[in-house]
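Chemist:
Protein chains: 2
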Amino acid sequence: MATDPPLLQYVARPGLLDLGWGHPHPSSLPLRAWSEASRDALSRYGYQALAYGHAQGPGPLLRWLTRRLSGAEGRICTPEQTFVTAGASHALDLVCRMITRTGDTVLVAAPTYHLALRIIADHGVVVRAAPVDGSGAIDVDRLRKVIDRSGRVAMLYTVPTFANPTGASLAPERRAMLVAMARETGLTIVEDDTYRELVYEGEAPPSLWSLARADEVVRIGSFAKTVAPGLRLGWINAGPPLIEGLTRLGYVDSGGGVNHTTALTLAVFGGSGAYDEHLALVRRRYANQRDALVTALRAELPMLDVPSPDGGWFVWLRLPAGRPASGLLPVAEADGVCFVPGDRFYPDHGGHDHIRLSFSMLGAHDLAEAAGRLAGAIVRSSGGAGRR
Amino acid sequence: MATDPPLLQYVARPGLLDLGWGHPHPSSLPLRAWSEASRDALSRYGYQALAYGHAQGPGPLLRWLTRRLSGAEGRICTPEQTFVTAGASHALDLVCRMITRTGDTVLVAAPTYHLALRIIADHGVVVRAAPVDGSGAIDVDRLRKVIDRSGRVAMLYTVPTFANPTGASLAPERRAMLVAMARETGLTIVEDDTYRELVYEGEAPPSLWSLARADEVVRIGSFAKTVAPGLRLGWINAGPPLIEGLTRLGYVDSGGGVNHTTALTLAVFGGSGAYDEHLALVRRRYANQRDALVTALRAELPMLDVPSPDGGWFVWLRLPAGRPASGLLPVAEADGVCFVPGDRFYPDHGGHDHIRLSFSMLGAHDLAEAAGRLAGAIVRSSGGAGRR
Numbered sequence: 001m002a003t004d005p006p007l008l009q010y011v012a013r014p015g016l017l018d019l020g021w022g023h024p025h026p027s028s029l030p031l032r033a034w035s036e037a038s039r040d041a042l043s044r045y046g047y048q049a050l051a052y053g054h055a056q057g058p059g060p061l062l063r064w065l066t067r068r069l070s071g072a073e074g075r076i077c078t079p080e081q082t083f084v085t086a087g088a089s090h091a092l093d094l095v096c097r098m099i100t101r102t103g104d105t106v107l108v109a110a111p112t113y114h115l116a117l118r119i120i121a122d123h124g125v126v127v128r129a130a131p132v133d134g135s136g137a138i139d140v141d142r143l144r145k146v147i148d149r150s151g152r153v154a155m156l157y158t159v160p161t162f163a164n165p166t167g168a169s170l171a172p173e174r175r176a177m178l179v180a181m182a183r184e185t186g187l188t189i190v191e192d193d194t195y196r197e198l199v200y201e202g203e204a205p206p207s208l209w210s211l212a213r214a215d216e217v218v219r220i221g222s223f224a225k226t227v228a229p230g231l232r233l234g235w236i237n238a239g240p241p242l243i244e245g246l247t248r249l250g251y252v253d254s255g256g257g258v259n260h261t262t263a264l265t266l267a268v269f270g271g272s273g274a275y276d277e278h279l280a281l282v283r284r285r286y287a288n289q290r291d292a293l294v295t296a297l298r299a300e301l302p303m304l305d306v307p308s309p310d311g312g313w314f315v316w317l318r319l320p321a322g323r324p325a326s327g328l329l330p331v332a333e334a335d336g337v338c339f340v341p342g343d344r345f346y347p348d349h350g351g352h353d354h355i356r357l358s359f360s361m362l363g364a365h366d367l368a369e370a371a372g373r374l375a376g377a378i379v380r381s382s383g384g385a386g387r388r
Numbered sequence: 001m002a003t004d005p006p007l008l009q010y011v012a013r014p015g016l017l018d019l020g021w022g023h024p025h026p027s028s029l030p031l032r033a034w035s036e037a038s039r040d041a042l043s044r045y046g047y048q049a050l051a052y053g054h055a056q057g058p059g060p061l062l063r064w065l066t067r068r069l070s071g072a073e074g075r076i077c078t079p080e081q082t083f084v085t086a087g088a089s090h091a092l093d094l095v096c097r098m099i100t101r102t103g104d105t106v107l108v109a110a111p112t113y114h115l116a117l118r119i120i121a122d123h124g125v126v127v128r129a130a131p132v133d134g135s136g137a138i139d140v141d142r143l144r145k146v147i148d149r150s151g152r153v154a155m156l157y158t159v160p161t162f163a164n165p166t167g168a169s170l171a172p173e174r175r176a177m178l179v180a181m182a183r184e185t186g187l188t189i190v191e192d193d194t195y196r197e198l199v200y201e202g203e204a205p206p207s208l209w210s211l212a213r214a215d216e217v218v219r220i221g222s223f224a225k226t227v228a229p230g231l232r233l234g235w236i237n238a239g240p241p242l243i244e245g246l247t248r249l250g251y252v253d254s255g256g257g258v259n260h261t262t263a264l265t266l267a268v269f270g271g272s273g274a275y276d277e278h279l280a281l282v283r284r285r286y287a288n289q290r291d292a293l294v295t296a297l298r299a300e301l302p303m304l305d306v307p308s309p310d311g312g313w314f315v316w317l318r319l320p321a322g323r324p325a326s327g328l329l330p331v332a333e334a335d336g337v338c339f340v341p342g343d344r345f346y347p348d349h350g351g352h353d354h355i356r357l358s359f360s361m362l363g364a365h366d367l368a369e370a371a372g373r374l375a376g377a378i379v380r381s382s383g384g385a386g387r388r
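Below, the structure is given as structure tokens:
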């Protein structure tokens, strides 16, 4: 009965082109450069690369990261505002641990990252969707009323930039309104900023964190999409009291930080220029993959409005009226393609007419083929004759 | 006001020989072998070394580790009973998260690892000392009565082998009694087995986990002392329900395990023979360091009973009657040596007449010098003339 444990989270299914998982393309991972950074970190820092680290994260990474953020954003980021985590998911779990209490309400800008819903729910809170307008963007005025009416709202979780699952970004003026409202009401906004660096057109909009004056925004960053998810490395930007609280957690103090050796290796990877070099490569790769999927979908499904996101990994596709995503999935899988049904991205209800397509894991050729299969499944499931 | 963040947890104080921190000797860390394992893991597993990992830990590490444990202990260890963690401290935090509720009582076999007290207390539980006999070992009969009398006792935390801070191990017959009692009462024992591999005389006593028949013991293991603490890598052995619960935590699932790349590197480090080779080296090193400290202390302080532990990193020294450790510390620091006062290792009171000396971080020459300084401080603080 003992099964042989797999190596990876993703287990390929034969014959299936997978638009479901938001995983990196295997060829996009920096094998050679990371190997060199590992060697160089051990050589440069010697025993310090393997010893108990500074609880907040090793100084060299805090310095490189905060300089980079300060240079890219209109707000100075200091080490006192930064805590190195074992990935963005770990960061969100830590933030929930620090700022929620059992029974609190947590609002999410739905649709939102489906596994974040589980991370948040693990803390015994009530997860509810924040009000949105017709375009799906947070409706700040209605949100303020919800907050005024509700009991303790511990936080608002949102992925405002190249969002998972929509690929869309909150407009700059809406960002300013949201941050101002948080300042006035005392709401804490938790900004999951995982996709900021994966920008393909122009510049990413300013982070909510950069618009905040004090501690109203907690920002979560990640190296999973820009470098590699297996490293388990990310960070939190927040006010010094929250950062200090994290360093005082018993297990963080006892362990000497949460991922010291890897964090120091990332400092070397960043300082050598390998990070910027690699980022330029992955931006080109994912822009091409996005184009391959969007172009093929638009050609195959001219009756649908196929959005082309300016960044990130996802296309959020609205199905033809009356075609629920749940019914489409088995048809699509029989045709050799899969996706994530839209309802998974809501805490309550919604999204039944949408599907999330990820263009991160497959190359351009496979994406075009997957789009063809998906189009056939959509046409077939709507009762029409398949085009293929 | 912004300070430059340090790299490491340990910050040396000039002129001070430090017997306080339980940190590895800088020369004991496997710089070359870990560098080779990093290169080989990336070369052998390619993109799989950097992708989202299996939530429970990557198959290659689960296989190597469980085969090794099964070969060393009188109980078969399977991957279904094993979860790879980001260190032993993280493991203890996860175990508390899974099996305690706010307000529960947690018993600890005091004196015990002082930072474990904080990790446990972070979960809102009441931490109390388990009853011990005159030798300091858990008194199983009295413990059973405490459990029968108390409300919900969520767990008993203990470091039964080469303990922190005492260096002592629970006798085999006491182990069997403790496990049998746990089975009968439904108590969960959390066995912190961090020091098992650092054995210098004969063999380590059987783990409580190996004596258990089912799920009465949760065992925490670590690669911090045998390989390197900066890696943040350890594991939990427990029944499949607890292991499955851990893999279902939102942040573990979302992140693809908690330290994938490092875990896969450890699998290569283990499979290549580097682990066993390195372990033989550190055993010899720490046995020598133990001997240097114990020999010097016995020569300098003939009136005291200086124990020589069979494994681990610590000497638990009882001070002369009427010399509280708290008063000794400033005197010792003025003499250029420091330690951890014994009361830190108790949840309530006790240990005022003991100090913990760690022989892990200093070489033999420094340890002899530190013993001389400490002896001088003990003599001076007792009002006598210093010997040096």
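Chains A and B, in that order, give the protein sequences. Each step along the first sequence adds one to the number in our numbering, with nothing skipped, and position 264 is 264. Each step along the second sequence adds one to the number in our numbering, with nothing skipped, and position 372 is 372. Built from N, CA and C at the ideal position, the CB exists for glycine as well.
With B/T158 and B/E197 assumed to form a contact (beta carbons below 8 Å), what rounded beta-carbon distance in angstroms separates them?
Modeler: Here residue 158 of chain B corresponds to residue number 158 of the second sequence, with the count starting at 1. Here residue 197 of chain B corresponds to residue number 197 of the second sequence, with the count starting at 1. Contact flag wrong, Cβ pair sits at about 18 Å.
Chemist: I need the boundaries of the alpha helix (DSSP H) containing A/A395, first residue and last residue.
Modeler: The first residue shown for chain A is 1 and the last is 388, placing residue 395 of chain A beyond what the model contains.
Chemist: Give a yes or no on whether the minimum CB-CB distance between B/W34 and chain A is below 8 Å.
Modeler: Stepping through the second sequence from its first residue, residue 34 of chain B is reached at position 34. Closer than 8 Å: yes.
Chemist: Could you compute how far the alpha carbon of B/E184 sits from the alpha carbon of B/V140?
Modeler: On the second sequence, position 184 is the one that residue 184 of chain B refers to. On the second sequence, position 140 is the one that residue 140 of chain B refers to. The straight-line gap from Cα to Cα measures roughly 12 Å.
Chemist: What are the boundary residues of the alpha helix (DSSP H) that B/D93 is part of?
Modeler: What you label residue 93 of chain B is simply residue 93 of the second sequence in a count that begins at 1. First-last of the alpha helix (DSSP H) with B/D93: A88 to I99.
Chemist: Nearest-angstrom Cα distance between B/M155 and B/A109?
Modeler: Working through the second sequence from its first residue, we reach residue 155 of chain B at position 155. Working through the second sequence from its first residue, we reach residue 109 of chain B at position 109. Taking the straight line joining both Cα atoms gives about 11 Å.
Chemist: For A/V258, which three-state DSSP category applies?
Modeler: Sequence index remark: in the first sequence, residue 258 of chain A carries index 258 (1-based). Note: A/V258 maps to coil in three-state DSSP.
Chemist: Name, going along the chain, the residues of the segment 231-262 of chain A whose beta-carbon falls closer than 7 Å to a beta-carbon of chain B.
Modeler: L231, R232, L249, G250, Y251, D253, S254, G255, G256, V258, N259, H260, T261 and T262
Chemist: Any idea if B/D193 is buried or exposed, counting beta-carbon neighbours within 10 angstroms, 16 or more meaning buried?
Modeler: Counting from one through the second sequence, the residue named residue 193 of chain B turns up at place 193. Result: buried.
Chemist: Can the beta-carbon of B/R318 be found closer than 8 Å to that of B/D305?
Modeler: The residue labelled residue 318 of chain B in the question sits at position 318 within the second sequence. The residue labelled residue 305 of chain B in the question sits at position 305 within the second sequence. B/D305 sits close to B/R318, with the two beta carbons spaced by under 8 Å.
Chemist: Going by DSSP in three states, A/R213 sits in which element: helix, strand or coil?
Modeler: For the purposes of this step, residue 213 of chain A is identified with residue 213 of the first sequence, where counting begins at 1. Looking at A/R213 - three-state DSSP - the assignment turns out to be coil, as it is neither helix nor strand.
Chemist: For B/L16 and B/G336, what's the separation of their Cα atoms in angstroms?
Modeler: Along the second sequence, read from residue 1 onward, the residue named residue 16 of chain B stands at position 16. Along the second sequence, read from residue 1 onward, the residue named residue 336 of chain B stands at position 336. Rounded to the nearest angstrom, the two C-alpha atoms are 4 Å apart.
Chemist: Secondary structure at A/R44, three-state DSSP: helix, strand or coil?
Modeler: What you label residue 44 of chain A is simply residue 44 of the first sequence in a count that begins at 1. A/R44 falls in the helix class under three-state DSSP.
Chemist: Could you spell out where the alpha helix (DSSP H) holding B/A287 opens and where it closes?
Modeler: Translated into positions along the second sequence, residue 287 of chain B becomes position 287. A274 to E300 is the span of the alpha helix (DSSP H), which, as asked, contains B/A287.
Chemist: Taking Cβ to Cβ, would you say B/I220 is nearer than 8 Å to B/E191?
Modeler: The count along the second sequence starts at 1 and reaches residue 220 of chain B at position 220. The count along the second sequence starts at 1 and reaches residue 191 of chain B at position 191. Yes. Within cutoff.
Chemist: Which of the three DSSP states, helix, strand or coil, is assigned to B/H464?
Modeler: Outside the shown range of chain B, which is 1 to 388, sits residue 464 of chain B, and nothing can be said about it.
Chemist: Any residues in the segment 71-91 of chain B with a beta carbon nearer than 7 Å to a beta carbon of chain A? Which ones, in chain order?
Modeler: T78, P79, E80, A86, G87, S89 and H90
Chemist: Distance, Cα to Cα, B/V282 vs B/Q289?
Modeler: In the second sequence, counting from the first residue as 1, residue 282 of chain B sits at position 282. In the second sequence, counting from the first residue as 1, residue 289 of chain B sits at position 289. Answer to the nearest angstrom: the Cα atoms are 10 Å apart.
Chemist: Please list, in chain order, the chain B residues whose beta carbon lies closer than 9 Å to that of A/I119.
Modeler: Reading the first sequence from its first residue, position 119 is the one you call residue 119 of chain A. Per Cβ cutoff of 9 Å: L249, G250, Y251, D253 and S254.
Chemist: From the DSSP output, in three-state form, read off A/Y157 for me.
Modeler: Within the first sequence, the letter at position 157 stands for residue 157 of chain A. A/Y157 falls in the strand class under three-state DSSP.
Chemist: Pull up the distance between the alpha-carbon of A/R373 and that of A/V315, whole angstroms please.
Modeler: Here the question's residue 373 of chain A lines up with position 373 in the first sequence. Here the question's residue 315 of chain A lines up with position 315 in the first sequence. Each residue's alpha carbon lies about 16 Å from the other.
Chemist: Once you ignore the five residues that flank B/A261 on each side, which residues in its own chain have a CB closer than 7 Å to its CB?
Modeler: As a first step, residue 261 of chain B is located in the second sequence; it is residue number 261 there, counting from the start. The question names Ala, but residue 261 of chain B is Thr in the sequence shown. So the list reads A49 and L50, once near-sequence residues are dropped.
Chemist: For B/T105, which of helix, strand or coil comes out of DSSP?
Modeler: Within the second sequence, numbered from 1, the residue matching residue 105 of chain B stands at position 105. Reduced to three states, the DSSP call for B/T105 is strand.
Chemist: Mind reading off the beta-carbon distance from A/S207 to A/Y286? Whole number of angstroms is fine, and I expect it under 8 Å.
Modeler: Taking the first sequence and counting its residues from 1, one reaches residue 207 of chain A at position 207. Taking the first sequence and counting its residues from 1, one reaches residue 286 of chain A at position 286. The pair is not a contact, with the Cβ atoms about 20 Å apart (cut-off 8 Å).
Chemist: Between the segment 353-364 of chain B and chain A, which residues of the former have CB atoms less than 7 Å from a CB of the latter, in chain order?
Modeler: none
Chemist: By DSSP's criteria, B/D192 is part of a beta bridge. Which residues make up the other side?
Modeler: By one-based count along the second sequence, residue 192 of chain B stands at place 192. DSSP lists B/I220 as partners of B/D192.
Chemist: By how many angstroms is the C-alpha of A/H123 removed from the C-alpha of A/T100?
Modeler: Working through the first sequence from its first residue, we reach residue 100 of chain A at position 100. Working through the first sequence from its first residue, we reach residue 123 of chain A at position 123. Taking the straight line joining both Cα atoms gives about 7 Å.
Chemist: Strictly under 8 Å for the Cβ-Cβ distance: is B/Q289 near chain A by that measure?
Modeler: Indexing the second sequence from 1 puts residue 289 of chain B at position 289. Answer no: the Cβ-Cβ gap between B/Q289 and chain A never drops below 8 Å.
Chemist: Which word fits B/V11, buried or exposed, when buried means at least 16 other C-beta atoms lie within 10 angstroms of its C-beta?
Modeler: Within the second sequence, the letter at position 11 stands for residue 11 of chain B. By the 10 Å Cβ count, B/V11 comes out exposed.
Chemist: When the Cα of A/S358 is compared with those of A/R232, A/F162 and A/G250, which residue comes out closest?
Modeler: The residue you call residue 358 of chain A lines up with position 358 of the first sequence. Checking every option, the nearest Cα to that of A/S358 belongs to A/F162.
Chemist: Cα separation between A/A364 and A/D18?
Modeler: Residue 364 of chain A sits at position 364 when you count from the first residue of the first sequence. Residue 18 of chain A sits at position 18 when you count from the first residue of the first sequence. Taken atom to atom, the span from the alpha-carbon of A/A364 to that of A/D18 is near 13 Å.
Chemist: Check whether the segment 62-70 of chain A and the segment 78-87 of chain A are in contact - that is, three or more C-beta pairs closer than 8 Å.
Modeler: yes
Chemist: Using a Cβ-Cβ cutoff of 8 Å, what residues of the segment 119-136 of chain B are near chain A? List them in chain order.
Modeler: The residues in question are I119, I120, A121 and D122.
Chemist: List, in order along the chain, the chain A residues whose C-beta lies closer than 8 Å to that of B/R39?
Modeler: As a working note, residue 39 of chain B is residue 39 in the second sequence. Within 8 Å Cβ-Cβ: S35, S38 and R39.
Chemist: Using 8 Å as the limit for Cβ to Cβ distance, is A/P307 near chain B?
Modeler: Mapped onto the first sequence, residue 307 of chain A falls at position 307. No - not a single Cβ of chain B is within 8 Å of the one on A/P307.
Chemist: Report yes if the CB atom of B/Y52 is closer than 8 Å to the CB atom of A/G230, and no otherwise.
Modeler: Residue 52 of chain B sits at position 52 when you count from the first residue of the second sequence. Residue 230 of chain A sits at position 230 when you count from the first residue of the first sequence. Closer than 8 Å, so yes.
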